[in-house]
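Participant:
Numbering (our numbering), first residue to last: 49 to 116.
1. Check whether the Cβ atoms of residue 109 and residue 76 lie closer than 9 Å to each other.
2. Mind checking residue 60: buried by the 16 CB within 10 Å criterion, or exposed?
3. Could you give the DSSP three-state label for residue 50: helix, strand or coil?
4. What does residue 93 pair with, by DSSP beta-bridge criteria?
5. Cα separation between residue 63 and residue 78?
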């Protein structure tokens, strides 16, 4: 049996959290807009804290966005 490989994921840190009125949907929308180029399936868990947010994303996507 062939086992499907899971894509490599990474955790990114975003400045802003619940006290800044950031919501998980805001993070998802920012990461899936046409500039970022991610699909909703490329996003994993989004973890909101008071002043920061962690998001699991497909490994390596930021290189293509930040350094085209």
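For glycine and all other residues, C-beta sits at the position ideal for the given N, C-alpha and C.
Facilitator: The short version:
1. For residue 109 and residue 76, no; Cβs fall outside 9 Å.
2. exposed
3. coil
4. Beta-bridge pairing links residue 93 to no other residue.
5. 13 Å
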